[in-house]
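**Student:** Residues 1 to 124 in UniProt numbering are what the sequence shown spells out, letter by letter. Think of the CB as a built atom: it goes at the ideal place given N, C-alpha and C, for glycine as much as any other residue. Got a structure for you, written out below as structure tokens; questions coming shortly.
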Amino acid sequence: MMNVIMREIGKKLYELSREFYESVFPPIDMYEEGGELVIVADLAGFNKDKISVRLSAQNELIINAEREIQYIGTKYTTQRPLKIHKVIRLPVKIKRDSQVTAKYDNGVLTIRIPVDGSVSIKIE
Numbered sequence: 001m002m003n004v005i006m007r008e009i010g011k012k013l014y015e016l017s018r019e020f021y022e023s024v025f026p027p028i029d030m031y032e033e034g035g036e037l038v039i040v041a042d043l044a045g046f047n048k049d050k051i052s053v054r055l056s057a058q059n060e061l062i063i064n065a066e067r068e069i070q071y072i073g074t075k076y077t078t079q080r081p082l083k084i085h086k087v088i089r090l091p092v093k094i095k096r097d098s099q100v101t102a103k104y105d106n107g108v109l110t111i112r113i114p115v116d117g118s119v120s121i122k123i124e
């Protein structure tokens with residue numbers, strides 16, 4: 001009886017830890033460069049066709065990705081996320097009708113969004 005209880009507790013802890021991991025993953029870098037907001041996300045192991053990116057009306061960038069992991073043999077532990085749903089509140093106002101670009105290369109997704117009202121200031 002105790003083995004059954006411990007096994008069920010272990011399953012629940014695994015599910016909770018996976019949900020937490022998927023909510024904080026992936027690491028994101030964000031910076032401004034040349035009038036654009038650049039967002040870089042590590043999405044190693046995801047197929048480009050299974051990644052979607054969109055901008056919301058609330059000035060948020062939403063990244064969704066899914067994958068299936070096939071195991072051969074006995075699985076002991078899994079730390080790689082199977083799905084990602086990341087909502088990133090953008091720190092600047094963006095140009096709504098501008099060309100947003102995204103590139104996925106070697107597991108890294110780079111998104112470039114033109115910033116509204118970006119002005120370079122020369123320091124004398």
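Which of helix, strand or coil does DSSP assign to M30?
**Tutor:** Correct three-state label for M30: strand.
**Student:** Put Y8 into one of helix, strand or coil per three-state DSSP.
**Tutor:** The identity of residue 8 in the sequence shown is Glu, whereas the question assumes Tyr. Three-state DSSP puts E8 in a helix.
**Student:** If we call anything under 8 Å between Cβ atoms a contact, is P114 one with K93?
**Tutor:** Cβ atoms of P114 and K93: not closer than 8 Å.
**Student:** Would you list the one or two residues that DSSP bridges to D105?
**Tutor:** Bridge partners of D105: V108.
**Student:** What did DSSP end up calling D49 once you bin it into helix, strand or coil?
**Tutor:** Residue state, collapsed to three classes: helix.
**Student:** Assess, as a yes-or-no matter, whether the region 64-75 is touched by the region 42-49 under the definition of 3 or more beta carbon pairs within less than 8 Å.
**Tutor:** Short answer: they touch.
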